[in-house]
Amino acid sequence: MRVLVVGNGAREHAISVSLAQDPGVTALACAPGNAGTAAVAESPGLDVADNDAVVALARSWQADLVVIGPEGPLVNGAADAVRAAGFACFGPGREAARIEGSKAFAKAVMSAAGVPTASSVVVDNPAHLETALGVFTPPYVVKDDSLAAGKGVVVSPDLEVARAHALSLLDAGHPALLESFLDGPEVSLFCLVDGDTVVPLLPAQDFKRVGDDDTGPNTGGMGAYAPLPWAGDDLAADLVERIVRPVAAELVNRGTPFSGLLYAGLAMTSQGPAVIEFNCRFGDPETQAVLALLRTPLAGLLHATATGTLADHPPLEWADGSAVTVVVAAEGYPATPRLGDVVTGADAAGVLHAGTRRRDDGAVVSSGGRVLSVVGTGADLAAARVDAYARLEPIRLAGSHQRTDIALKAERGEIRVPDATG
Ligand code: AMP
Ligand code: GLY
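What follows is the structure in structure tokens.
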């Protein structure tokens, strides 16, 4: 099978590494890719925002399967264009991708499907802001009601901070979404979905805040681990029944079936699981941990999803043990990442590239806020943590920072779902 992966982050590097290990894959390209993907896949140039260019590349690469990684092209209809040109494509079409692209659409689908989520109000006029803020109690949750890669969210106990963020969004012409706060630990559940067939991957947890102990601003994600030792073995099956299958069925009912990876971002609250957000693609950096444990060949699985035969696919096989991903970020990330710094020691196993490119003189330099994703595995979380941080040791990038506590609370058994009885 000739496979074309579209994207250039650590998620696409992880997907490419897994595809390269699949004996069914005879040729692999990751476009436009980065300095890391180039070690496992060809890297044809591509403007991922140009659907015609994606189709043209699928043709010239003679792809048997096109895997679209990021939300941007999916929300922009790249998968529709690729399918219309006759290629098998992993990723939802424009309509189904609205589950991520439009928070209003996602809320409407969840409401129709009877799926619990935070209550919310959209404010598009500063004159209505005070009344809307008055509906909520601290901590306040204020979001950019458009694609913001997790960075447009402020969660704060301080009304002043919430008001200022909402006003800055409105000033920039973006509607502000106010939400009730969902307490409890977060879970990222990735599900392969083809119509109403839903196959969950291992549940994972992401670390959104930039600093240790969940301090500082929200980021695209600073680390992840899988599976979740604090959750029962039936967590994934339970979340599929309560949340993902009803949403997949509702999308089928609306005539916009989902095909690809449906990512449920959940909070395990005292009232049960509730949805924080849906995404229409693999999550980053959780994918890097989850795929490190997947033993089932990935190309066949993605192809089955893309061609509507997921129901006939054999059950997934997983390695025992745990995986931990630690993100190495550029100086100044997330506010003002400095780019163009030389990165060394990043060509070892387990080091996935997020924002890197190869300079004309051959040096690898940073080209994004999240620069690398380092993945460790082990018999348990403690061993996987040791492995991940050891792999990080030889890496040099001026001014870089990473969290030192990825998966630490889980390793120590300190994560609890809040008790409904208080
Ligand atoms: P989002 O971009 O919607 O994924 O939000 C980014 C992060 O903000 C989430 O992963 C949560 O940590 C936090 N967050 C968002 N919405 C809520 C909410 N309603 N209650 C609590 N935390 C939230
Ligand atoms: N890990 C968060 C995201 O991919 O949106």
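Numbers in this note's numbering are just positions in the sequence shown, counted from 1, shifted up by 30. Ideal Cβ placement from N, Cα and C applies to all residues, glycine included.
- A direct Cα-Cα distance of roughly 49 Å separates L328 from H158.
- Within the chosen limit of 8 Å, the ligand GLY does not reach the beta carbon of E280 with any heavy atom.
- By the Cβ-count criterion, T374 is exposed, with fewer than 16 other Cβ atoms from all chains shown falling within 10 Å of its own Cβ.
- In this structure, the ligand AMP has a non-hydrogen atom nearer than 8 Å to the beta-carbon of N248.
- The beta carbon of Y293 sits closer than 6 Å to the beta carbons of F220, N309, G313 from its chain, once the five residues preceding and following it are set aside; these are given in chain order.
- Nearest in C-alpha terms to G225, of all of F166, A234, R193, G290, is G290.
- Non-local beta-carbon contacts of A360 in its own chain, meaning distances under 6 Å to residues more than five positions away in sequence, involve P367, R368, S396, G399, V401 in chain order.
- Where V184 is concerned, the enclosing beta strand (DSSP E) starts and stops at 184-186.
- Counting only residues of its own chain and dropping the five nearest sequence neighbours on each side, A341 has a CB closer than 8 Å to the CB of D224, T227.
- Excluding its 5 nearest sequence neighbours in each direction, P287 has C-beta neighbours in its own chain below 7 Å: A126, G225, L281, listed in chain order.
- Of the residues A297, T407, A334, the one whose Cα lies closest to the Cα of R446 is A297.
- Contact annotation: A65 and V36 have beta-carbon atoms that are not nearer than 9 Å.
- In this structure, the alpha-carbon of V183 lies about 20 Å from that of T161.
- In this chain, the alpha helix (DSSP H) harbouring F135 covers 133-143.
- Residue environment analysis places G116 among the exposed positions, since fewer than 16 neighbouring C-beta atoms fall within 10 angstroms of its C-beta.
- Counting the other Cβ atoms within 10 Å of the Cβ of D82 gives fewer than 16, which makes it exposed.
- When the beta-carbon positions are compared, E101 and R311 come within less than 9 Å of each other.
- Listed as beta-bridge partners of T245 by DSSP are G241.
- At least one heavy atom of the ligand GLY lies closer than 8 Å to the C-beta of Y293.
- The criterion of a C-beta distance shorter than 9 Å is not satisfied by A111 and V78.
- Note that the C-beta distance between S352 and A413 is below 9 Å.
- In the three-state DSSP reduction, S73 falls in the coil class, being neither helix nor strand.
- With fewer than 16 other CB atoms across the displayed protein chains lying within 10 angstroms of its CB, T245 is exposed.
- Taking every protein chain shown into account, the CB of E190 has fewer than 16 other CB atoms within 10 angstroms, so this residue is exposed.
- Annotation for V305: the continuous beta strand (DSSP E) segment containing it runs 302-309.
- When distances are taken from the beta-carbon of E42 to the heavy atoms of the ligand GLY, even the shortest one reaches 8 Å or more.
- In terms of side-chain proximity, the C-beta atom of F135 is found no nearer than 8 Å to any non-hydrogen atom of the ligand AMP.
- Every beta strand (DSSP E) of 3 residues or more that sits fully in the region 33-109 is shown, in chain order, as 57-62, 95-98.
- Secondary structure note for A329: its alpha helix (DSSP H) is the uninterrupted segment 328-336.
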